[in-house]
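Scroll down for the structure; my scribbles are underneath it.
Protein chains: 2
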Amino acid sequence: MQRAKCKVTFLPHNREIEVNAGESLIRAAMEAGVHINASCGGEGVCGKCRVMLESGTVDGGISERLKREDIDKGYRLACRSQISGDVVIRIPVESGIDASVLNKKYIPRSTAHIWQMNFDELKEQGLFISPVEKKYMELPEPTQHDNVPDVMRMINFLKINHDEHRLVAELPVIRKISDVLRQNNFKVTATLARPVQPGRKTHIINVQPGDTTDRNYAIAADIGTTTVYGQLIDLNSGKGLAEQGEFNGQISYGEDVISRIMYAEKPGGLDKIQEVVVKTINDIIRKIIRRAGVDKEEISTITLAGNTTMTQLLLKINPRYIRRAPYVPTSTIYPPLRAVELGIDLGQHAKALIYPIVSSYVGGDIVAGVMGSGMYRTDELTLFLDIGTNAEIVIGNKDWLACAACSAGPAFEGGGIEFGMRASEGAIEDFSIDPFTYEPMNLTIGNVRPKGICGSGLIIMVATLFEMGVIDNLGKFNRNLNTTRIRERDGIWEYVLAYAPETQIDRDIVLTEPDIDNLIRAKGAIYSGCMTLIEEVGLDVSSLQRIILAGGFGSYVDLEKAMTIGLLPEIDPAKVTYVGNGSLMGARMSTLTNRIRKDVVEVTRKMTNFELSETPSYMDHYVASLFLPHTDMNHFPKVKARLDARRNGDINPQV
Amino acid sequence: MQRAKCKVTFLPHNREIEVNAGESLIRAAMEAGVHINASCGGEGVCGKCRVMLESGTVDGGISERLKREDIDKGYRLACRSQISGDVVIRIPVESGIDASVLNKKYIPRSTAHIWQMNFDELKEQGLFISPVEKKYMELPEPTQHDNVPDVMRMINFLKINHDEHRLVAELPVIRKISDVLRQNNFKVTATLARPVQPGRKTHIINVQPGDTTDRNYAIAADIGTTTVYGQLIDLNSGKGLAEQGEFNGQISYGEDVISRIMYAEKPGGLDKIQEVVVKTINDIIRKIIRRAGVDKEEISTITLAGNTTMTQLLLKINPRYIRRAPYVPTSTIYPPLRAVELGIDLGQHAKALIYPIVSSYVGGDIVAGVMGSGMYRTDELTLFLDIGTNAEIVIGNKDWLACAACSAGPAFEGGGIEFGMRASEGAIEDFSIDPFTYEPMNLTIGNVRPKGICGSGLIIMVATLFEMGVIDNLGKFNRNLNTTRIRERDGIWEYVLAYAPETQIDRDIVLTEPDIDNLIRAKGAIYSGCMTLIEEVGLDVSSLQRIILAGGFGSYVDLEKAMTIGLLPEIDPAKVTYVGNGSLMGARMSTLTNRIRKDVVEVTRKMTNFELSETPSYMDHYVASLFLPHTDMNHFPKVKARLDARRNGDINPQV
């Protein structure tokens, strides 16, 4: 159901924004760039976000925090008000608005636009070469004068009537064909698996009773260290029919790849840990095929992408040397397999395709992202970035590709941050600050009282504090501001985001200088990785034409803020694309078309891997990146312009 | 140890023959074409084979059947005498020699010469393209500046140092390579499996510690209905290292293919019967590798050939339709497999190659025979004949091949013959008759008292009786001969080969008219099969240039006698080759060279199968073949000439 659009006008800013009915008023304000003091994340506890209805009505917004007469006058709590129609809202002076900010231009939230695979586009571009096709046949029945073997009867028929050549029947087909033919009056459907390399053989991998041409399915899977995703795909339409994510069962044997490798090195560990991830995959398969009403036997192929460790564990390849210098993985390319060889619960005929990897720390998930995003087909110099605890960086275009991995540390997932947390209910995910009173506007996931700060919230916070002059380019608080929110505690300076009674945790939630320092190190690692790679190939960061973000983190990042802190190179936000789970997307692409399956081998070969620890300039770049946004402000001309304008007294620079 | 050659001169024939020391005197006589009455097969029981030493000595030959004074005179029993030096022997008149036979020209035993595969010849002919090669490598160890994945390190090395291209590593190799490399200082041996089709990929199927290039082995196996043979082959030298035959364990589930199929149709039967033959194969493998001191892991490939039923059972393909009109087998060609997929106890990397079949009754054993014998490469019009209960016939040359199968019945294996038996100890295997007294000369396998008659003996017997005029061209005894050996018993005419006291079975061993009739039907089926095939391709039986015999039966057949009864087309015996176990030979050839593996697909496609039961002329040919040798004597000009000469009073025609 499409939600109605409502127009919200904020006074005295006189700023209009269109939002979906049901949106909370305080989120609409944040989106419009209108600051409203709000500490409690939107649960109506702090009572600071009083606004006044000038015309129209909202649902809710009435609270014991408001006096009866104020309610009658039209006051509401912004965080408790849901928009249900066009409305005009006035931000009262006591909610902390200085007239000078009213001229601030409306800048829409600059998250990346989300890339969607388009099956029809694939077809138009000639990229669609289905790896699996089904052919329905009504074969002539054998007679005493025509008793060629069953398999040859089928192959001859396909040759004559379907112009199919170089056919070879696989053993499971040979084993069942005689009965299938005779039990169905020789009316059957053959499943043909096309060769990836033209001129090779087409394999007949299944033969089924009657006409099953409308049932042609595949599975794409992303084997993440934390989460495994599976998607059921209709090969005829290209559509995803069902998707499921489950925690990787290996989590019980260690949270990260290193602890998984250590477990796999124990006697029997590799077998066990392989079994466990296959169980997770099988659970997902069972759920998605049940949900879509698809029979297991109708699935012809599964494509699996994962990082190098996940890939080696899935294939039962000793991962021991991945974590030991000089970090040698076993292979980049894996031969095609039958899914059952890995223990995957599909039919005997189902093929398993494993995404190739590049190095110990640039795995199949990244290759899949490069394939799925189409980065390897573009002329534009593109930066592909998958940010997590480890960040993988790919730079290049259709002519060349360079890649590297770096350890960003867990800051983006809330690790090493005093009140850091994953992006779940109660995490502060958006933030604004009053330029004069330094009062915060906290928005939390779920509009509940805050529990902590998630990664994307942290970036917005640090960027905002930096732009407002609350912290300097080393991430240190300005000790001279007139606010009690900035304070020293046990020798550590911090900013109080919410006081204990406004939180769910009965403790003041603060952002400390060490938190900021951790974020700076994390973003510095990533940015200097990009810089090093670009420099190694003889280019300059300003030559970047496109950024592709992948991974769970990317969808929520405020791009402008990410550039402000120097996490991302400065670029027009419209040139930034978010591809979501790039690994799953690439797996899906390879599942859909042999063109991608063919290209991936060449692309993997083309991806030059740089070991950052072995690249002398990396450390120099890293040190230069441990500033907000960077030592060399020429990399960030817009940020520089804004800071310069502020320094010249412009409280609200329009850059 | 080479045995000494001794010259034996028979008087009054004045015929000389050279034989190995240790040969029995009676066999030397048979070989020289010298008849000596002998009923008891050579055990010295009948005492009829008295001969006299004119000069020289023999070992043994003294018996209580001889009087003291006769021994002193130089009399010996021929059957108990072993030749130990040059000797002159006189056949006494009482041993039944008529002077008129003394002019009979010496005709050597006309068994087929035995074909031996010659590895060097293969190489000279450019036919040797080893399917498996090993390469020893000393790889550079990875460093921080050279940390390409292990598999790529190996592939790159093979590319640069061994000019190897299009390499792909298989999963078992990927799984073990990292450890093998590091446990052996990066000094390892790779096993490369070459593509059968040029331009396809070379698979790296194994990687082993150190230098194992001198250990490169394969197995060839013939899966017979009765017996399974396996041969261990050194791929470097082409030599067979060990061979073993075992009864096919499936015998417990039925003696012939039909009963095996019936068993396989029962619930669980197919699984069971597959398991059983694999157990037989595994037993053989275990024995031959132990005997040769070869490690199981050093075996890279196994080639298996069998008839269509044996092949389908081995591959666990329902054989149900093989025995039901219109006799449709499931497939002619089978994809390459890993041996372990069939349950064969070899390394994970070992490939299994299954010989293709042509039709339900012309199987992989015959295709293997055609490949191994080189029939498909010759210009000469060749007849390939594998005679057993079923006879398979292939006619053709390098340009075309036609094949058929017919049921000969069990006569050649002693079935349906009153005293028929398999070729084992006590079977009469050679026979001669005195042209005047009609007394027999029986030689048995093992020189023991007779138990019965084996197939090759039966052919000699019937041919000899026919040529001597003891039976006519319908196989009926001449009722007017002056001998008590031909008699009527319960309305059936028969010839007494040995009287009860001369036998091991205390019964008269006889050859009956129904026995002869069965033989005539069996040879008629085969000959008319050949005729029909030849006629269907527009040729004439006289155009045959070469005959290749295969199967256990072929080695003992006296070719001249086989032509006399009309089993084989009349041809110069020098043009007849015996290839022994053609199936095993073909399997061995395919194991040794990819050239044969490549050719076999084309050859199988080329082999046009004729269903004799569906060929109208077959019955006419069959009826015409129910004579000795045939209704149309123009097919057998030499037999005709001999018979004509006899009819004109020449007792010993020199044709």
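Chains as they are written, first to last, in our numbering: chain A, -17 to 637; chain B, -17 to 637. Cβ atoms here follow ideal geometry from the backbone N, Cα and C, with glycine treated the same way. Note that the structure is predicted; figures quoted are calculated from it, not measured.
*Which parts of the region 132 to 179 of chain B are runs of the alpha helix (DSSP H), unbroken and 4 residues or longer, counting only runs that do not cross its ends?*
132 to 144 and 153 to 165
*asked:* Since W431/B and E484/B should fall inside the 8 Å C-beta cutoff, what is the C-beta to C-beta distance between them, to a whole number of angstroms?
replied: Position check: residue 431/B holds Arg in this sequence, whereas Trp was assumed. Going by Cβ atoms, the distance from R431/B to E484/B rounds to 6 Å, so yes, they are a contact pair.
_Can you give me the C-alpha to C-alpha distance between V310/B and A384/B, rounded to a whole angstrom?_
18 Å
*N-terminal and C-terminal residue of the alpha helix (DSSP H) that L35/B is part of*: Unbroken run through L35/B is the beta strand (DSSP E), R32 to S37; no alpha helix (DSSP H).
*Any residues in the region 129 to 158 of chain A with a beta carbon nearer than 7 Å to a beta carbon of chain B? Which ones, in chain order?*
N129, P131, D132, V133, M134, V150, A151, E152, L153, I156 and R157
*Does any residue of chain A bring its CB to less than 8 Å from the CB of I299/B?*
yes
_Cα-Cα separation between E552/B and A606/B, rounded to whole angstroms_ = 16 Å
_Are the CB atoms of F618/A and G548/A within a distance shorter than 8 Å?_
yes
*For V69/A, which beta-bridge partners are listed by DSSP?*
V(-10)/A
_Quick check on this structure: which residue in S510/B, S599/B and R577/B has the alpha carbon closest to the alpha carbon of F609/B?_
S510/B
_Contact set between A387/B and chain A, taken where Cβ atoms lie within less than 7 Å_ = Ordered by position in chain A, no residue passes the 7 Å Cβ test against A387/B, which lies about 13 Å from the chain.
*DSSP three-state call for R268/B: helix, strand or coil?*
helix
*asked:* Is the separation between the beta-carbon of I71/A and that of T194/A shorter than 8 Å?
replied: no
*Neighbourhood of E407/B by C-beta, 7 Å cutoff - its chain only, sequence neighbours within 5 removed*: I427, G428 and V430
*Using the rule of at least 16 other Cβ atoms within 10 Å of the residue's Cβ for burial, across every protein chain shown, is M601/A buried or exposed?*
exposed
*Apart from the five residues just before and just after R629/B, which ones in its own chain have a Cβ nearer than 7 Å to its Cβ?*
none
*So which residues on chain B does Y316/A lean against when the C-beta distance must stay under 8 Å?*
L153 and I156
*On the three-state DSSP scale, how would you describe T721/B?*
Residue 721/B lies beyond the stretch modelled for chain B, which goes from -17 to 637, so this question has no answer here.
*asked:* Please report the straight-line C-alpha distance between P668/B and M450/B, rounded to a whole angstrom.
replied: Here chain B comprises residues numbered -17 to 637, so residue 668/B is not present and cannot be evaluated.
*asked:* Assuming V352/B and Y358/B are in contact, meaning their beta carbons sit under 8 Å apart, how far apart are those beta carbons, in whole angstroms?
replied: 6 Å
*asked:* For V155/A and G439/A, what's the separation of their Cα atoms in angstroms?
replied: 55 Å
*Could you run through the region 308 to 340 of chain B and flag, in chain order, every residue whose CB is less than 7 Å away from some CB of chain A?*
P308, Y309, V310, P311, T312, S313, T314, Y316, P317 and L319
_Check whether chain A comes within 8 Å of P619/B, counting only Cβ atoms and requiring the distance to be less than that._
no
*If contact means a Cβ-Cβ distance below 7 Å, which residues of the region 112 to 128 of chain B contact chain A?*
P124, T125, Q126 and H127
*Below 8 Å on the Cβ atoms is my guess for G396/A versus C436/A; work out the distance and round it to an integer in Å.*
6 Å
*Alpha carbon to alpha carbon, how far is N100/B from R268/B?*
27 Å
*Since T208/B contacts A569/B with CB under 8 Å, what's their CB separation in whole angstroms?*
About 17 Å; that fails the 8 Å criterion.
_chain A residues whose Cβ lies nearer than 7 Å to that of D161/B_ = N300
*Could you list which residues in chain B have their beta carbon closer than 7 Å to that of Y303/A, in chain order?*
S160
*Taking C-alpha atoms, which residue in N576/B, T613/B, L7/B and T446/B lies nearest to Q179/B?*
N576/B
*Which residues share a DSSP beta bridge with V40/A?*
I65/A
*Whole alpha helix (DSSP H) runs in the region 226 to 286 of chain A with 4 or more residues, listed along the chain?*
239 to 246 and 251 to 274
*asked:* Using a Cβ-Cβ distance cut-off of 8 Å, determine whether E280/A contacts chain B.
replied: no
*Count the CB pairs spanning the region 371 to 389 of chain A and the region 511 to 530 of chain A that are closer than 8 Å, and state whether there are at least three.*
yes
*G562/B to I65/B span [Cα, whole Å]*: 29 Å
*Decide if N85/B is buried, meaning its Cβ has at least 16 other Cβ atoms within 10 Å, or exposed.*
Confidence at N85/B is low in this model, with a pLDDT of 48, below 50, so the placement of that residue is unreliable and no value is reported for it.
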